[in-house]
Each structure stands twice: as C-alpha cells, then as structure tokens.
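Participant:
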Amino acid sequence: NTLNARYLWLSRLIAIGRVLPSEEIYLTRFMPNGDIIELDGDIVSRELSTGFKNIRQFILNLNALPNFQNATVVSLERNQQGILVFKVTVQLKAG
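Convert by adding 5 to the 1-based position in the sequence shown; the result is the number in the working numbering.
(1) Among F35, V95 and R83, whose alpha-carbon lies nearest the alpha-carbon of S54?
(2) At which residues does the alpha helix (DSSP H) containing K58 begin and terminate?
(3) When you compare only the Cα positions, how much space is there between S50 and L15?
(4) So, is I19 buried or exposed, given that buried needs 16 or more other C-beta atoms within 10 angstroms?
(5) What is the DSSP secondary structure of A76, counted as helix, strand or coil?
(6) Quick check: the Cα distance between R61 and T7, rounded to an integer number of angstroms?
(7) Name the two residues that bound the continuous beta strand (DSSP E) containing E43.
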C-alpha cells in the first residue's frame, strides 16, 4: 500500500511538472493536504508581464489535466530580488 501511494503521488508530481509553461517557472514546494495539493514556486522572468502570463498558463494547464480541478492562485508576490513567488492550490478529482 505504501509503495502504491508513493507511486501515485510521484506520478501526480511528474504530471504537474510536465505542464509548467516555461523554463522560467519553478516549483519549490509540493504539499498534499487531503484532496488539495499546495504548490509553491518562483517565476524568474525578466518581464513582469511574462511572469503573469506564465502563472496564468500554469493554472490553465493544471485545470486541463484529467486528475485535477479548481487550480487557484492563492498568492503572487514579487520579492526583493524581483522574483515572483507564488502559491497555488489544486484539487484532486474524485475517482
């Protein structure tokens, strides 16, 4: 059971990694919490508008995955280094 559960979470993480919209967006934290997954990350785009486009596309890509729904940006802030730091939640579909 433990091995199957780990494989399931690993496959979900890989699926999420595959839909990152560019090389400028990185996941820094993956935290399952029941049927919700919390994702933290950084966007290192030089252009602020490109960073916003990347996070928007990431949300669209997450919602298009067959096992996920209701992806939402919880927070998006620019840190002192100019990096956009985000927190996203996404819900697992039942079944």
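A virtual CB, placed ideally from N, CA and C, is assigned to each residue, including glycine.
Facilitator: Looking at the atomic coordinates:
(1) R83
(2) L53 to A69
(3) 27 Å
(4) exposed
(5) strand
(6) 34 Å
(7) I41 to I48
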